[in-house]
Structure formats: C-alpha cells, structure tokens
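All remarks here apply to the structure that follows.
Number of protein chains: 2
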Amino acid sequence: MSKITLKEISKILGISTSTVSKALKNYSDINVDTKIRVQELAKKHNYTPNAFAQSLRSRETKIIGILVPELVHHFFSSIIDGAINEAEKHGYLVIVLQSHESYEDEIKQLKLLVDKNIDGIMLSLSDKTVKYDHIRTIINEGMPVVLFDKITHLIDCPKVIIDDRKAAFSATEHLIKTGCKKIAHITGPLKPKTTIDRFMGYKIALETYNMPFNKTLIYTSENLSFEDGYNLAGQIMAEHPDIDGIFAFIDPVAIGVLKRLKEDKIKVPKQVSIIGFSNWFMSRTTSPALTTIDQPGYQIGRNAFQLLLKNLNHKREGKPFTSETVEIPTSVIIRQSTRAIMAPVI
Amino acid sequence: MSKITLKEISKILGISTSTVSKALKNYSDINVDTKIRVQELAKKHNYTPNAFAQSLRSRETKIIGILVPELVHHFFSSIIDGAINEAEKHGYLVIVLQSHESYEDEIKQLKLLVDKNIDGIMLSLSDKTVKYDHIRTIINEGMPVVLFDKITHLIDCPKVIIDDRKAAFSATEHLIKTGCKKIAHITGPLKPKTTIDRFMGYKIALETYNMPFNKTLIYTSENLSFEDGYNLAGQIMAEHPDIDGIFAFIDPVAIGVLKRLKEDKIKVPKQVSIIGFSNWFMSRTTSPALTTIDQPGYQIGRNAFQLLLKNLNHKREGKPFTSETVEIPTSVIIRQSTRAIMAPVI
DNA sequence: ACATTTACCGAAAACGTTTTCGGTAAGTTT
DNA sequence: AAACTTACCGAAAACGTTTTCGGTAAATGT
Numbered sequence: 003m004s005k006i007t008l009k010e011i012s013k014i015l016g017i018s019t020s021t022v023s024k025a026l027k028n029y030s031d032i033n034v035d036t037k038i039r040v041q042e043l044a045k046k047h048n049y050t051p052n053a054f055a056q057s058l059r060s061r062e063t064k065i066i067g068i069l070v071p072e073l074v075h076h077f078f079s080s081i082i083d084g085a086i087n088e089a090e091k092h093g094y095l096v097i098v099l100q101s102h103e104s105y106e107d108e109i110k111q112l113k114l115l116v117d118k119n120i121d122g123i124m125l126s127l128s129d130k131t132v133k134y135d136h137i138r139t140i141i142n143e144g145m146p147v148v149l150f151d152k153i154t155h156l157i158d159c160p161k162v163i164i165d166d167r168k169a170a171f172s173a174t175e176h177l178i179k180t181g182c183k184k185i186a187h188i189t190g191p192l193k194p195k196t197t198i199d200r201f202m203g204y205k206i207a208l209e210t211y212n213m214p215f216n217k218t219l220i221y222t223s224e225n226l227s228f229e230d231g232y233n234l235a236g237q238i239m240a241e242h243p244d245i246d247g248i249f250a251f252i253d254p255v256a257i258g259v260l261k262r263l264k265e266d267k268i269k270v271p272k273q274v275s276i277i278g279f280s281n282w283f284m285s286r287t288t289s290p291a292l293t294t295i296d297q298p299g300y301q302i303g304r305n306a307f308q309l310l311l312k313n314l315n316h317k318r319e320g321k322p323f324t325s326e327t328v329e330i331p332t333s334v335i336i337r338q339s340t341r342a343i344m345a346p347v348i
Numbered sequence: 003m004s005k006i007t008l009k010e011i012s013k014i015l016g017i018s019t020s021t022v023s024k025a026l027k028n029y030s031d032i033n034v035d036t037k038i039r040v041q042e043l044a045k046k047h048n049y050t051p052n053a054f055a056q057s058l059r060s061r062e063t064k065i066i067g068i069l070v071p072e073l074v075h076h077f078f079s080s081i082i083d084g085a086i087n088e089a090e091k092h093g094y095l096v097i098v099l100q101s102h103e104s105y106e107d108e109i110k111q112l113k114l115l116v117d118k119n120i121d122g123i124m125l126s127l128s129d130k131t132v133k134y135d136h137i138r139t140i141i142n143e144g145m146p147v148v149l150f151d152k153i154t155h156l157i158d159c160p161k162v163i164i165d166d167r168k169a170a171f172s173a174t175e176h177l178i179k180t181g182c183k184k185i186a187h188i189t190g191p192l193k194p195k196t197t198i199d200r201f202m203g204y205k206i207a208l209e210t211y212n213m214p215f216n217k218t219l220i221y222t223s224e225n226l227s228f229e230d231g232y233n234l235a236g237q238i239m240a241e242h243p244d245i246d247g248i249f250a251f252i253d254p255v256a257i258g259v260l261k262r263l264k265e266d267k268i269k270v271p272k273q274v275s276i277i278g279f280s281n282w283f284m285s286r287t288t289s290p291a292l293t294t295i296d297q298p299g300y301q302i303g304r305n306a307f308q309l310l311l312k313n314l315n316h317k318r319e320g321k322p323f324t325s326e327t328v329e330i331p332t333s334v335i336i337r338q339s340t341r342a343i344m345a346p347v348i
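Protein sequences, first through last, are from chains B and U.
Position one of the first sequence corresponds to residue 3 (the working numbering), numbered consecutively onward.
Position one of the second sequence corresponds to residue 3 (the working numbering), numbered consecutively onward.
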C-alpha cells in the first residue's frame, strides 16, 4: 500500500532507474514514447518522490523554521500566517516553535531546527536575549536567518521591523493634536528595545511640540496585562488627577485603563483620551472603541519570508547573504477613545 | 564549516564508519577506548547525525503536521500551542498549515504533508468539508491521523472534542437559572456540526426547563463577527423587545451584542443577560465582563498530540491504530453580563 | 565504404546513516 | 595441541534519488 519508488517503476517497465528519473523530469535524451510510458505508470501509481532521498542529495528540505516568543498572540500569529502563506507559494513548509521568552529555550529550539537541516530560520528574539553568539554561529555555519520585530542590530542579517519610535511618536502626536495637555505613558518591562523605542517616541513627541517631559508621568506595566492597565489607571488618576491623555504600551493595558476609568466615572475621551498600541482584535470592540497603532503582522511575516527566500537562493547560488532591513509602516487607527482632530480636516 | 559526518570521523580516526556509528550509540561490541576516542572527537566537532539520512533509513521524520482552518484565532492558536509543547517533549517538531476553511485547500495541504513523509497529522476539518475520502485514503495508506474540534464521526480515527451540545446546554441553563424567561440564540452558518450542536443544546435546555421553543428567537450570524452581533442585537430588540437573555454562538458576536445594547441604553444584565462561547481573551475585558463558555484549547492540543503519539508508536510496532474519542470538559465562566445566580449557592 | 553525428539508454557514484553478518586474533577450555 | 569462546572490528547492503559519463546502435555525411 505504501508509495511506489523509481526502482519499482523501473522494474515494471524493464528499464533503469536513471531513465525513469529522467523521463519524469523530462530530460531531452529520453525517447518520447518512453517518457509517456513512464509518466503514465507514475501517475497511475501516484508516484511522488521520496522527500528524504531528495533532501539527502540536494541538501535541501524545503522546510523553514520560525521561532517566536509566543504563538498565542494576535500579532505573532498574524506574522506566522503571513509567513506560512508566502512560504507555501514558493513550495516551502513551516515549522513553528516558541521560545516562551526564555533565552535557554531560544537556544534549544534553534538547535532543534539546525539539527533537522531545515533550509532557513525566521526569528523573533526573546525578551531575555541579550547575547547573540548562538545566532551568529548559526549564520556563520551557512544557515540563512531573518530577524523580525524583536530584533537586534548587533546581528548581521536581513531584518523586518516596524519603527516603534516613529509609531509611538505618531501616537503621542495624535493625543497632542487632539488637545491633550498632560499625557501619561504606560511603558513596558525595561530591557526590550521596543520598550525604549516607544518611550523615546513619546518623549520626542513632547519635545517636538514644546511640552514638558515629566518623569512622574511614566508608569511601568510589568506584565503588559489588562489587569496592569486597570490597576495603573487608578494610580495614575490618584497621583495626577489633571491628566487628560494616556498612551499605553499595548492594547490590553489600554483596555484595562479604559475599563477602570469608566468604573471611576471618568469620561473617555472627554476628560481623558486613551491610545493603545498594536491594534489587537478586541480594540475595536470596546466602548468607546480604542484608538491605537496598527502593526501589520501579516505583512511583516510576508516580507520576512521574502527576505529569507532571497538568501535561500543566494545560498544555492553560492552568493553571499544580503542583510537589508525592511521597515513596515504603521498607522494610527483613530477610533472613539481619543477626541476628534481639532485642526481643519482636509 | 559545515557539519562533520560519520565518514569524516572515521577517516580521522582510521576506523570504519560502522564502528563510529556503533561507538556513538554505545554498542556493546565496541571497545571502551574506541568509544571514548570517537565520542570525544564527535563532541569536539559538534557532530549531529544527518536527519535526512536517518529518515531515509528509519522512514521516520520526527515531524508531524497540524492543519487548522485558521491560525489567527485564539482558540486554534491555543490548540497549536498545546500540541507544539507536547510534541517537543517527545522529540517531535510541528509543521503548521491552514485550510482557510476551504475544502480544496484542505486536500492540497494534506497532500503537501503526506508528500513530505511526515510521521502523522493532526487535523481540524474546514467548514466546507462534507466528503472525507481524501482523509480516509491517507489513513488507509498508513498515516496516523487525529481529528480535533472540527471533526466527523464518519472517519475512523482518534478524536478530541468538546461536547458542544453539553456546553450550549450549560450556557442556556445558566441563563435560565439566573432568571431569564425569554432567551434568543444567535447561531452560526448552517452546515458545521458545531452550529447544530450548540443550537441543540440551547433547545434541549429550554425543553428540560419547560420553556417554550420559539423559532423566531433564532438568529443567524453568517460571519460570526463582532459586526454581526452588533447588527443582530438591534434586530432582536426591535422584533422581541421583551427578550431578557441572549446566548451567542461565539464571543465576538456576544461582544457586538453587548456594545449595541449599551448604545441603545439597554442594561446588561439587568434587562438582558448575555452569554458568549469560547472565552476569548477579550471577553474578560468588556464592561460588563462577558459570561462565557471556556473551551480549553491548550488541553485539546495536548490531548490530540498524545493520541497521535500513541498511534505513531503503534505504527512502529506494527499494531493497528486505535480510534478512541476523548472529550475535554468545558465550563461556564461566570462574569458580569449575566445576573447572579438566584438559587441558593452550595 | 568509412567516418561522424545523433538518439537513446544505463552503470555507477554520491548523499549519510544503520545494522547484519562475518571475520580475525587473542584468550580459554579440554 | 586442538577445539572453542570472547572481544572487537569492518565490509556491505540498504534506504531512494539525481546526475555524470560513457556506450551502443542507427542515421547521416563524405
């Protein structure tokens, strides 16, 4: 019942396996009649080449790996979605792994992928990763690697990113332009680059619009959770009752804030405007719906695979790897948790 | 720079590849000194066996495939999360594919997996799938397959499910027990088994509690979207202003309903109770937070892999496949969109 | 009639591993 | 001293595919 091989076909037809192989691949030095006989028999028995044997010879699996910190996450699953679909178009399958934001796991999972001889790796770094030799080693051994979203510039390889600083600038700018005078920022765990970038975007926006930067307006959410937002909102309004804008690191936190403010009878956006980050699915379902920053995960995944593919081809052709960085634009999704724009609308 | 092989080790040490192979695998007919020499050299050069070559011999890849209708979906990504983690524990990697709810894609993706000679498949059927020969064929050719969530009993293989009917019964029962007298049900697209099961659970609950079943209280959401819920809520309240409970097929629909009722100044749960299904992440972030049914995706994934593993082993040992069905229990997550239980609490 | 081209096919090696089946040399038993 | 173990190692085949390099026979050119 199991699959037929070249050898079996050759035996049935009384010809050599080389001829069968060539007939199926339409080599020019095979008689048309022979080709037809072979191809018909192959079709009849539903011949498909044995992938192991092909890989063993070609040293290619047509499988890539993708390692993300967490899979159950709208942003990352969108990226994977984009990558899988793009990969499929080019005949590649995708193994998905998670580092669970652990440096050790990241190393372990990468080793699993390398040992399986997959063709390339798409990688988003864990928050804990601050050393990069494990990745450099892999690249030096000839494995094409593309970094996306959680990246470091200390590794020389293609990268796909969004400009967090620019996006955070836009978010803060939106609050300013809609009339906010005193804006708090809920930031994330200290180390990751995204935390710093979003904070910097916030700060630069204030400076650009000649607004004072006040350190006490920075609050930290350790877990980036709904609950964190809920609790911090209470603290913020207690310490700074005159606040009129909050820029949260990420949507769930913003939604926690929103819920708390509503419970405390603080009008959103009349008294306090709220802007989130990431455009999670649920952000359009809150009341009022949450203004936020859209991070196009699907496109990031698509682009990352395309960069990977380029290097897969380079490798096959013996060319050196590229290491370009692609920036995917973000946009402000204006909903009802911020006030209407005051400047004349075009 | 690339990986060292048995042959190269054997050349360096001046012994045969067979000896090297056996030394690394601790065969008893190899001298201890030789073993040590081989193992040290292997470690020094970071030897890892070539996976293709192993697979070619053993006919095993240690890779499984998982095919879901959509990846970007909290429920499915949780399932995949559970499957990946469980698989990893047993040395398996996971290729993820999507059918995008298309019958043709399902066939195509399954073929990709089969052609790659992966060891087994975890599958959740697309909504469009009503014929199952493509799956039966795969199983008959010896591929271990496990069905989960979107299943059919017309295929003889292991299955992991939740009892939708029972869960829907509990949901409706909860509304009844908290005092609802006239309950509408928003159902999904007609064909899928889940739609029918949840509808049946609703209906049976009504009958059980001697409440009339009224056909006009059944509304259909084609897209199972937030927007559908939003719009249907308006329709429902217009046609049945005296309704006091709504059981929605799935959380986003319920949240759409919630938002609309709030906009229409209808008190939830005072005037109308709402219960959803699936316990999406966002359901605890709404105000009032949504009462819903928890479907433990992670556990489903875990269990499905365990069943698959059992058959992977059976296959290796030449035993026939099992075909047990595991039911994962659901639970009602009581939040604020339904009233407090009236009966004495135990 | 001989030389040369063309058309077609197959042997063989290679990818890297695993395992069976001997085989040799040393040591042990009668 | 002959027979027999034991300890250790290697040759070889197998998994299935791909591609190079000839090789043979027929067809064509002088």
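Positions of the beta carbon are idealized from the N, C-alpha and C atoms, including for glycine.
In this text, all values refer to a predicted model and were calculated from it rather than measured experimentally.
Please classify residue 277 of chain U: is it buried, with 16 or more other beta-carbons within 10 angstroms of its beta-carbon, or exposed? If you number the second sequence from 1, residue 277 of chain U lands on position 275. Looking at its Cβ environment, which holds 16 or more other Cβ atoms inside 10 Å, residue 277 of chain U is buried.
When DSSP labels each residue in this structure, what does residue 46 of chain U get in the three-state scheme? Along the second sequence, read from residue 1 onward, the residue named residue 46 of chain U stands at position 44. Three-state result, residue 46 of chain U: helix.
Below 7 Å on C-beta distance, what does residue 57 of chain B contact in chain U? Translated into the one-based positions of the first sequence, residue 57 of chain B becomes position 55. Going along chain U in sequence order, the residues near residue 57 of chain B (Cβ under 7 Å) are 54.
Looking at residue 255 of chain B and residue 230 of chain B, is the spacing between their C-beta atoms short of 8 Å? Along the first sequence, read from residue 1 onward, the residue named residue 230 of chain B stands at position 228. Along the first sequence, read from residue 1 onward, the residue named residue 255 of chain B stands at position 253. Result yes, Cβ atoms of residue 230 of chain B and residue 255 of chain B sit closer than 8 Å.
Using DSSP bridges, identify the partner residues of residue 250 of chain B. Sequence index remark: in the first sequence, residue 250 of chain B carries index 248 (1-based). According to DSSP, which records beta bridges pairwise, residue 250 of chain B is partnered with B:188.
Could you work out which residue in U:338, U:38, U:107, U:188 is closest to residue 272 of chain U when comparing CA atoms only? Here residue 272 of chain U refers to the residue found at position 270 when the second sequence is read from its first residue. The option with the nearest alpha carbon to residue 272 of chain U is U:338.
Leaving out five residues on either side along the sequence, give the residues of the same chain with a beta carbon under 7 Å from the beta carbon of residue 158 of chain B. Numbered from its first residue, the first sequence carries residue 158 of chain B at position 156. Result list for residue 158 of chain B: 325, in chain order.
Interface positions of the region 249-268 of chain B facing chain U (Cβ-Cβ less than 9 Å), listed along the chain: 254, 257, 258, 260, 261, 264, 265
Nearest-angstrom Cα distance between residue 307 of chain U and residue 341 of chain U? On the second sequence, position 305 is the one that residue 307 of chain U refers to. On the second sequence, position 339 is the one that residue 341 of chain U refers to. Cα to Cα, residue 307 of chain U sits roughly 39 Å from residue 341 of chain U.
Exposed or buried, what is residue 303 of chain B when buried is set at 16 or more other beta-carbons lying within 10 Å of its beta-carbon? Within the first sequence, numbered from 1, the residue matching residue 303 of chain B stands at position 301. Buried, by the Cβ-count rule.
Three-state secondary structure assigned by DSSP to residue 329 of chain U: By 1-based counting over the second sequence, the position of residue 329 of chain U is 327. In this structure, residue 329 of chain U counts as strand in the three-state DSSP scheme.
Please report how far the alpha carbon of residue 327 of chain B lies from the alpha carbon of residue 160 of chain B, in whole angstroms. On the first sequence, residue 327 of chain B is found 325 positions in, with the first residue counted as 1. On the first sequence, residue 160 of chain B is found 158 positions in, with the first residue counted as 1. Computed Cα separation, rounded: 6 Å.
What residue range is occupied by the uninterrupted alpha helix (DSSP H) comprising residue 117 of chain U? Within the second sequence, residue 117 of chain U is the residue found at index 115, counting from 1. Counting along the chain, the alpha helix (DSSP H) containing residue 117 of chain U begins and ends at 105-117.
So with Cβ pairs under 8 Å, would you call residue 117 of chain U a contact of chain B? Residue numbering aside, residue 117 of chain U sits at position 115 when the second sequence is read from its first letter. It does; some Cβ of chain B falls within 8 Å.
With DSSP as the reference, please indicate the residues paired to residue 221 of chain B in a beta bridge. What you label residue 221 of chain B is simply residue 219 of the first sequence in a count that begins at 1. According to DSSP, residue 221 of chain B bridges with B:188.
Look at the Cβ atom of residue 122 of chain U, then the Cβ atom of residue 314 of chain U, and state whether they are nearer than 8 Å. Against the second sequence, residue 122 of chain U aligns to sequence position 120. Against the second sequence, residue 314 of chain U aligns to sequence position 312. Result yes, Cβ atoms of residue 122 of chain U and residue 314 of chain U sit closer than 8 Å.
By alpha-carbon positions, which one of U:120, U:193, U:336, U:181 ends up nearest to residue 60 of chain U? Against the second sequence, residue 60 of chain U aligns to sequence position 58. Looking at the Cα atoms, U:120 is the closest of the given residues.
Which residues bound the beta strand (DSSP E) around residue 213 of chain U? In the second sequence, the residue the question calls residue 213 of chain U occupies position 211. No beta strand (DSSP E) holds residue 213 of chain U; DSSP gives it neither H nor E.
Counting only beta-carbon separations shorter than 8 Å, does residue 270 of chain B have a partner in chain U? In the first sequence, counting from the first residue as 1, residue 270 of chain B sits at position 268. It does not: the Cβ of residue 270 of chain B has no partner Cβ on chain U nearer than 8 Å.
3-residue-minimum beta strand (DSSP E) runs that sit fully inside the region 234-316 of chain B, ordered along the chain: 247-250, 275-277, 294-296
If I measure Cβ to Cβ from residue 236 of chain U and keep anything under 8 Å in the same chain, skipping five residues before and after, which residues do I get? By 1-based counting over the second sequence, the position of residue 236 of chain U is 234. 262, 266, listed in sequence order.
Quick one: what does DSSP say residue 74 of chain U is sitting in, helix, strand or coil? For the purposes of this step, residue 74 of chain U is identified with residue 72 of the second sequence, where counting begins at 1. Coil, per DSSP.
For residue 298 of chain U, count the other beta carbons within 10 Å of its own beta carbon; 16 or more makes it buried, fewer makes it exposed. Which is it? Taking the first residue of the second sequence as 1, we reach residue 298 of chain U at position 296. Residue 298 of chain U comes out buried.
Under the three-state reduction of DSSP, which class applies to residue 91 of chain B: helix, strand or coil? Against the first sequence, residue 91 of chain B aligns to sequence position 89. If DSSP states are grouped into helix, strand and coil, residue 91 of chain B belongs with the helices.
Between residue 155 of chain U and chain B, is any beta-carbon pair separated by less than 8 Å? On the second sequence, position 153 is the one that residue 155 of chain U refers to. By this cut-off, residue 155 of chain U is not an interface position.
Given residue 49 of chain B, which residues of its chain have a CB within under 7 Å of its CB, disregarding the five upstream and five downstream residues? Counting from one through the first sequence, the residue named residue 49 of chain B turns up at place 47. Only 6, 11 meet the Cβ criterion.
Residue 150 of chain B, DSSP secondary structure in three states: Stepping through the first sequence from its first residue, residue 150 of chain B is reached at position 148. Residue state, collapsed to three classes: strand.
Going by C-alpha distance, which of B:336, B:280, B:330 is nearest residue 76 of chain B? Translated into positions along the first sequence, residue 76 of chain B becomes position 74. When each option's Cα is compared against that of residue 76 of chain B, the closest is B:280.
What whole-angstrom Cβ distance do residue 109 of chain U and residue 136 of chain U have, given they're in contact under 8 Å? The residue you call residue 109 of chain U lines up with position 107 of the second sequence. The residue you call residue 136 of chain U lines up with position 134 of the second sequence. Contact flag correct, Cβ pair sits at about 5 Å.
Which term fits residue 139 of chain U, buried or exposed, when burial requires 16 or more other beta carbons within 10 angstroms of its beta carbon? As a position in the second sequence, residue 139 of chain U is number 137, starting the count at 1. With fewer than 16 Cβ atoms within 10 Å of its Cβ, residue 139 of chain U is classed as exposed.
Quick check: the Cα distance between residue 117 of chain B and residue 103 of chain U, rounded to an integer number of angstroms? For the purposes of this step, residue 117 of chain B is taken as residue 115 along the first sequence, with counting starting at 1. For the purposes of this step, residue 103 of chain U is taken as residue 101 along the second sequence, with counting starting at 1. If you take the alpha carbons of residue 117 of chain B and residue 103 of chain U, they lie about 34 Å apart.
Using 8 Å as the Cβ pair cut-off and three pairs as the minimum, do the region 220-230 of chain B and the region 185-201 of chain B touch? yes
In this structure, how does DSSP classify residue 41 of chain U when only helix, strand and coil are distinguished? Working through the second sequence from its first residue, we reach residue 41 of chain U at position 39. It is helical.
Does the contact criterion of 3 or more C-beta pairs under 8 Å hold for the region 198-205 of chain B versus the region 164-183 of chain B? yes
Hey, could you find the ends of the alpha helix (DSSP H) residue 168 of chain B is sitting in? Along the first sequence, one-based indexing puts residue 168 of chain B at 166. Residues 166-179.
Please list, in chain order, the chain B residues whose beta carbon lies closer than 8 Å to that of residue 132 of chain U. On the second sequence, position 130 is the one that residue 132 of chain U refers to. Residues of chain B passing the Cβ test: none, with the nearest at roughly 24 Å.
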